[in-house]
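Chains as they are written, first to last, in full-length UniProt numbering: chain A, 1 to 505; chain L, 1 to 505. We put the beta carbon where it would ideally sit given N, CA and C, even for glycine. All values derive from a computational prediction rather than experimental measurement.
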């Protein structure tokens with residue numbers, strides 16, 4: 001193939017991908033609107049619009065045209081000739097293409113229809129506390145995913161194929177090692193914490209007027225450095241952040257009348273996702289590389305900002321005064337030290353999304369164990385309620401009395417998102433590992449935080465993580481930033497230091 | 001052609017059009033977001049997304065596939081076989097197809113690029129009060145539109161082709177007759193009004209806190225019957241309403257600190273557009289018939305609700321108490337009668353969008369006269385500033401001292417929207433004509449309004465106008481509802497009765 005022909009094909013490919021990315025942006029904007037703004041009765045019709053556009057995008061991704069581009073551009077010689085962004089874009093699209101094309105279209109349609117109906121079956125099952133309503137759907141989903149894995153192939157463990165979908169390069173072998181030490185140390189620490197006197201936190205659950213919560217959340221985003229000229233802040237039942245492109249990144253949050261921590265830490269969490277997306281290099285716009293590199297790295301940023309900054313003693317040394325200005329009545333008799341302890345209380349509980357920073361990873365690890373065994377056929381769907389109850393009792397020390405607070409609590413499996421849960425704990429692990437390097441490279445960063453200044457922290461994260469988008473893999477990000485591959489020891493050390501101090505162990 | 005073949009083609013055509021409509025809905029949602037919500041720096045990238053989708057939609061509308069469908073379905077025999085909605089949809093698409101296909105693609109592209117650049121040239125010219133900055137663009141636009149008219153063809157008058165684009169069936173001959181009497185009577189009435197003592201209205205221009213204006217506008221929409229389960233209410237610099245589909249119709253308004261009338265009547269005006277769109281028959285969803293039948297009929301509804309209801313004595317008999325509750329300080333020394341007069345003051349002025357109910361049509365008629373002569377080559381672009389100044393002095397009695405408040409005040413021509421302005425006055429004429437029938441068929445409707453009840457009025461308009469969408473032409477709507485074609489005498493009678501009373505003539 002001549003160099004000219006390759007260059008010409010590369011140009012055509014880039015135009016084609018840019019067009020796909022524009023369609024993707026349109027779909028994402030409509031979905032954002034559906035989550036945050038759409039009037040109730042407008043949902044059904046809009047869902048058809050999203051379906052139509054998503055179908056078009058999938059058709060472009062799996063078209064013969066795409067196949068031809070990839071054939072020309074993914075030979076070693078051609079890849080050599082391409083500029084780095086086009087090269088990465090070719091490899092990124094090739095992976096998608098091969099995954100999508102390998103599934104027979106009929107099977108794929110069956111899967112899409114199944115997951116669509118499964119979501120409402122799950123919701124009904126949860127509402128009625130009846131696992132049997134969901135069981136047949138989940139069995140079919142697991143069955144199809146097992147088929148997909150046979151098609152996609154695997155080396156050591158079938159579940160690796162799912163893990164690496166969300167976290168490129170991740171395997172069961174690695175994760176067993178990473179999670180093993182973390183689980184053991186966490187359970188040990190949790191036991192010691194629960195023997196101690198609980199911290200006081202009733203002042204967090206007074207009445208907080210929504211209007212004032214909105215103002216305070218916005219103020220907090222301004223303090224942290226969210227760029228409102230490149231984004232929005234709105235309300236939705238389920239908080240989320242979405243990066244339509246680096247110049248339009250939107251955060252939502254939700255307000256509870258009697259719990260200030262939900263909107264406060266929800267907003268800071270989503271800020272972490274959003275600041276990542278706002279800072280991805282503009283050179284990547286128009287490709288699918290213009291976003292966070294993996295779910296785990298993304299979650300590392302939401303967790304870093306929520307927990308390591310937002311739940312740190314230093315942060316509230318500076319920000320407690322502002323909190324007091326917004327809510328003078330509620331915090332009249334509280335000081336920064338009390339507040340710091342209260343927002344870091346630890347308490348074994350049943351629901352993952354309400355879990356504290358220490359027990360949270362145990363919730364993830366039990367899901368990981370279950371998914372791994374389920375995908376490998378060591379356990380079956382019908383046994384899940386019992387296995388779930390046993391595992392959470394073993395790890396967290398509580399046992400659910402119903403399915404709604406047990407095996408049916410999460411939506412993820414109804415959409416076929418097996419392999420996803422681990423991302424949450426990977427995020428915590430990555431975050432602690434990055435923080436360990438950060439404090440070596442900027443030794444006074446905690447003093448800066450205590451002075452209300454996070455600009456140097458942001459600049460460091462931008463340099464190490466944000467600007468690269470998907471140009472680096474999670475492994476490359478971690479190795480280049482911290483000098484080693486993923487290592488959960490830093491999280492263990494961080495948790496031990498923090499909670500031994502708070503609980504006086 | 002066999003009946004089966006026609007039916008099969010009809011089904012395919014309907015699927016194809018439904019897909020086009022979904023794409024149209026996506027584009028409209030993105031444009032709504034761009035007008036109301038988008039962060040400043042997100043605009044450029046999003047404009048590319050809209051451009052891509054609009055290009056796709058235009059390609060579908062002018063495709064060979066569309067041509068084949070229309071060829072099969074628009075024969076008299078085929079049309080006979082089709083259900084009424086499909087038949088109307090075929091004729092609707094055929095008109096678009098023929099208009100779009102007849103223009104050579106290069107010429108069309110030239111026009112699109114030209115109007116895109118012309119808008120910023122117009123904005124700059126207006127800001128610098130320099131007509132010469134805009135003149136070359138306007139000359140090119142007028143030149144291309146004259147070419148388009150030669151391609152599209154015309155019978156009696158070249159300008160007819162443009163008029164009927166916005167108001168099917170409308171001609172210069174008809175409009176000269178309709179506007180002639182209206183202009184004469186309006187100028188006469190205006191002279192008598194300006195001889196009288198002006199009504200007091202300083203209380204409308206006190207400080208009105210935005211937060212309270214937002215609440216009051218929302219309250220007004222609730223009072224009028226806007227269905228919030230099928231729509232939204234937001235803020236944007238230029239108020240507008242958009243019907244994405246009957247189940248998702250969105251209104252925006254803008255708030256001025258020192259002018260309560262802008263948000264109040266702006267909101268009621270947009271309510272008129274929105275309630276029309278919310279009530280279009282659901283049978284039409286998925287076709288381009290699911291919207292108002294013409295710009296003029298649409299404007300009749302915004303004007304009816306804004307002026308004939310919202311600026312009526314009876315409406316404020318009921319609503320003044322609610323206004324006082326929202327703004328007790330501002331209206332402490334005012335009564336409903338004072339308020340009614342103040343919101344109906346008449347004052348000759350230069351700017352169309354700020355004009356009162358009486359002089360507004362004069363602003364439109366001068367634009368109509370100018371466009372008609374310009375398109376027919378009787379005047380040229382270079383002469384517009386002088387002609388404009390002379391005409392507004394003749395009609396309204398004021399003369400602009402600069403271009404920004406004269407010939408450069410409106411954006412319309414920069415986008416090539418010749419033929420559009422008349423819709424605004426057609427709206428007033430239609431509204432008065434419909435109101436004349438309404439008061440015969442529901443003789444106590446004004447008492448109902450005075451009791452705060454507009455449900456019967458809404459039901460009547462729904463039956464006569466809203467539910468039909470584009471299934472009836474403007475002419476059919478008016479003839480079926482009022483028993484006659486468009487007639488401006490009712491507007492003249494309405495204006496005379498109202499303003500003679502207010503100004504004591």
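If you count every other CB in all the chains shown that lies within 10 Å of the CB of residue i, and 16 or more means buried, which is it?
| i | result |
| --- | --- |
| residue 469 of chain A | buried |
| residue 238 of chain A | exposed |
| residue 207 of chain A | exposed |
| residue 425 of chain L | buried |
| residue 337 of chain A | exposed |
| residue 188 of chain A | exposed |
| residue 86 of chain L | buried |
| residue 443 of chain A | exposed |
| residue 44 of chain A | exposed |
| residue 383 of chain L | exposed |
| residue 192 of chain L | exposed |
| residue 68 of chain L | exposed |
| residue 104 of chain A | exposed |
| residue 6 of chain L | buried |
What is the C-beta distance between residue i and residue j, in whole angstroms, given that I count them as a contact (C-beta under 8 Å)?
| i | j | result |
| --- | --- | --- |
| residue 118 of chain L | residue 141 of chain L | 6 Å |
| residue 224 of chain A | residue 465 of chain A | Not confirmed; about 16 Å, so no contact. |
| residue 416 of chain A | residue 145 of chain A | 6 Å |
| residue 359 of chain A | residue 334 of chain A | With a Cβ gap of about 24 Å, residue 359 of chain A and residue 334 of chain A do not count as contacting. |
| residue 460 of chain A | residue 441 of chain A | 7 Å |
Could you compute how far the alpha carbon of residue i sits from the alpha carbon of residue j?
| i | j | result |
| --- | --- | --- |
| residue 411 of chain A | residue 327 of chain L | 48 Å |
| residue 322 of chain A | residue 217 of chain A | 11 Å |
| residue 511 of chain L | residue 389 of chain L | This structure leaves residue 511 of chain L out entirely; chain L is present only between 1 and 505. |
| residue 137 of chain L | residue 53 of chain L | 26 Å |
| residue 95 of chain L | residue 88 of chain L | 11 Å |
| residue 276 of chain A | residue 249 of chain A | 10 Å |
| residue 296 of chain A | residue 107 of chain A | 29 Å |
| residue 59 of chain A | residue 39 of chain A | 30 Å |
| residue 380 of chain L | residue 156 of chain L | 21 Å |
| residue 451 of chain L | residue 229 of chain A | 47 Å |
| residue 29 of chain L | residue 247 of chain L | 13 Å |
| residue 435 of chain A | residue 147 of chain A | 40 Å |
| residue 341 of chain A | residue 196 of chain A | 13 Å |
| residue 345 of chain A | residue 262 of chain A | 14 Å |
| residue 456 of chain A | residue 290 of chain L | 55 Å |
| residue 41 of chain A | residue 244 of chain L | 12 Å |
| residue 21 of chain A | residue 502 of chain A | 47 Å |
| residue 404 of chain A | residue 241 of chain L | 43 Å |
| residue 236 of chain A | residue 254 of chain A | 6 Å |
| residue 298 of chain A | residue 427 of chain A | 7 Å |
| residue 330 of chain A | residue 343 of chain A | 15 Å |
| residue 121 of chain L | residue 303 of chain A | 48 Å |
| residue 438 of chain A | residue 251 of chain A | 26 Å |
| residue 377 of chain A | residue 371 of chain A | 10 Å |
| residue 385 of chain L | residue 475 of chain L | 35 Å |
| residue 491 of chain A | residue 27 of chain A | 37 Å |
Original post:
With a cut-off of 8 Å, do at least 3 Cβ pairs link the region 123-138 of chain L to the region 347-367 of chain L?
Top reply: no
Original post:
Any residues in the region 211-236 of chain A with a beta carbon nearer than 9 Å to a beta carbon of chain L? Which ones, in chain order?
Top reply: 227, 228, 229, 230, 231, 232, 234
**OP:** Below 9 Å between beta carbons is the criterion; list the residues of the region 35-58 of chain A that meet it against any residue of chain L, in chain order.
**Re:** 37, 38, 39, 40, 41, 42, 43, 44, 45, 46, 48, 49, 50, 51, 52, 53, 56
Original post:
Three or more beta-carbon pairs under 8 Å between the region 13-22 of chain A and the region 286-296 of chain A, yes or no?
Top reply: yes
Original post:
Between the region 178-197 of chain L and the region 157-167 of chain L, are three or more C-beta pairs nearer than 8 Å?
Top reply: no
Original post:
At a cut of 8 Å, does the region 306-321 of chain A reach the region 439-455 of chain A through at least three beta carbon pairs?
Top reply: yes
**OP:** Examine the Cβ distances between the region 260-276 of chain L and the region 61-78 of chain A and report whether three or more of them are shorter than 8 Å.
**Re:** Under the Cβ criterion (8 Å, minimum of three pairs), the region 260-276 of chain L does not count as touching the region 61-78 of chain A.
Subject >> Three or more C-beta pairs below 8 Å linking the region 476-493 of chain L and the region 338-351 of chain L >> reply: no
Subject >> Contacting positions in the region 10-24 of chain L - beta carbon closer than 8 Å to chain A >> reply: 19, 22, 23
Subject >> chain L contacts from the region 285-315 of chain A (Cβ-Cβ distance under 8 Å) >> reply: 285
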